[in-house]
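Let me begin by presenting the structure, written as structure tokens, before commenting on it.
Residue numbers (the numbering used here): 91 to 356.
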């Protein structure tokens, strides 16, 4: 009488075991497939969530280039996934509203970009340095290795942070990379146009601002502390730059050389 019961127990156990093995195989296969697809799926997610600042393909834009570089805040792929989820405090990179799996997929794609070799610049670096310090007047607004004027961003290592397409665009149409809103890495270099009650007009880079005072620095390097109650009007020029467009003043070769020099700054 015990044999049928024993047989039934073993049959039931075997059925459970088959289901468990099948489930484990299905889960493992699914995970392996997801891992294999991470870079591809990550690229799609990157385009949707990250390319606005970092550019298509991670070539750089409002945010830094992600190609062919070492990451200061990430020594492995999981660190990148964490940064995607949490953002970076003190920067405009806020947390991304994605799942952990999606963050891992984005991190996998970004990690693959770090292995992309930087495209070599075609111009003459020495000629570009002369243009930067001479007829281009770039040194009058930018700092390189402690030399220059800090009206605009420090370019000491811009070759690491920005790709060639971004550098060229910044020379031809500098306003393109400026944030169109109050947020963005360039909002601290916001151009402001002011007309005072006494008729004075000025335009420059905002250094600081609160409810009562605007600190402004113009293209000549002069500083102004302006009382807002003495202003007739004040316009924050989001999406614009006080930097001139060099397409009409420099030749194509000169622009190529200038870009080559900036790309060499590392």
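Just so it is clear, CB atoms sit at the ideal spot from N, CA and C, and this is done for glycine as well.
Note that the coordinates shown come from a computational prediction; the quantities given were computed from them, not determined experimentally.
Taking the straight line between their C-alpha atoms, what separation do you get for residue i and residue j?
i	j	result
residue 314	residue 341	35 Å
residue 219	residue 351	6 Å
residue 253	residue 150	6 Å
residue 353	residue 212	10 Å
residue 214	residue 249	15 Å
residue 172	residue 166	10 Å
residue 318	residue 292	14 Å
residue 187	residue 266	26 Å
residue 294	residue 309	6 Å
residue 323	residue 333	22 Å
residue 163	residue 178	9 Å
residue 161	residue 247	14 Å
residue 191	residue 158	24 Å
residue 226	residue 237	16 Å
residue 112	residue 176	Confidence in residue 112 is poor, its pLDDT being 42 and thus under 50, which makes the residue's placement too unreliable to answer from.
residue 130	residue 189	16 Å
residue 217	residue 338	19 Å
I need the boundaries of the beta strand (DSSP E) containing residue i, first residue and last residue.
i	result
residue 284	281-286
Can you name the start and end residues of the alpha helix (DSSP H) that residue i belongs to?
i	result
residue 241	Looking at the DSSP string, residue 241 is not in any alpha helix (DSSP H), and its letter there is neither H nor E.
residue 325	Per DSSP, residue 325 belongs to no alpha helix (DSSP H); it is in the beta strand (DSSP E), 321-326.
residue 222	215-223
residue 174	167-176
residue 256	254-262
residue 192	190-203
residue 384	Residue 384 falls outside the range modelled here, since the chain spans only 91 to 356, and no answer is possible.
For residue i, write down the residues that DSSP places opposite it in a beta bridge.
i	result
residue 310	Residue 310 is not bridged to any residue.
residue 291	285
residue 296	306
residue 345	Residue 345 pairs with nothing; no bridge assigned.
residue 315	305
residue 248	BP columns for residue 248 are empty, so no partner.
residue 233	238
So, are the CB atoms of residue i and residue j less than 8 Å apart?
i	j	result
residue 316	residue 284	yes
residue 156	residue 148	yes
residue 358	residue 199	Not covered by the structure: residue 358. The range shown for the chain is 91 to 356.
residue 330	residue 281	yes
residue 228	residue 241	no
residue 234	residue 355	yes
residue 193	residue 174	yes
residue 139	residue 196	yes
Could you pull out every residue in the same chain whose Cβ sits closer than 6 Å to the Cβ of residue i, ignoring the five residues on either side in sequence?
i	result
residue 77	This structure does not reach residue 77, given that the chain is present from 91 up to 356, and the question cannot be answered.
residue 297	305 and 307
residue 145	151
residue 343	none
residue 153	143 and 144
residue 223	229
Suppose the cutoff is 7 Å on Cβ atoms and the five residues either side in sequence are ignored; what does the same chain contact list for residue i look like?
i	result
residue 261	336, 345, 348 and 349
residue 137	146
residue 362	As displayed, the chain neither begins before 91 nor continues past 356, which places residue 362 out of reach and without an answer.
For residue i, which residues in the same chain have their Cβ closer than 8 Å to its Cβ, ignoring the five residues on either side in sequence?
i	result
residue 201	167 and 170
residue 302	317, 318 and 319
residue 256	145, 149, 150, 151, 155 and 267
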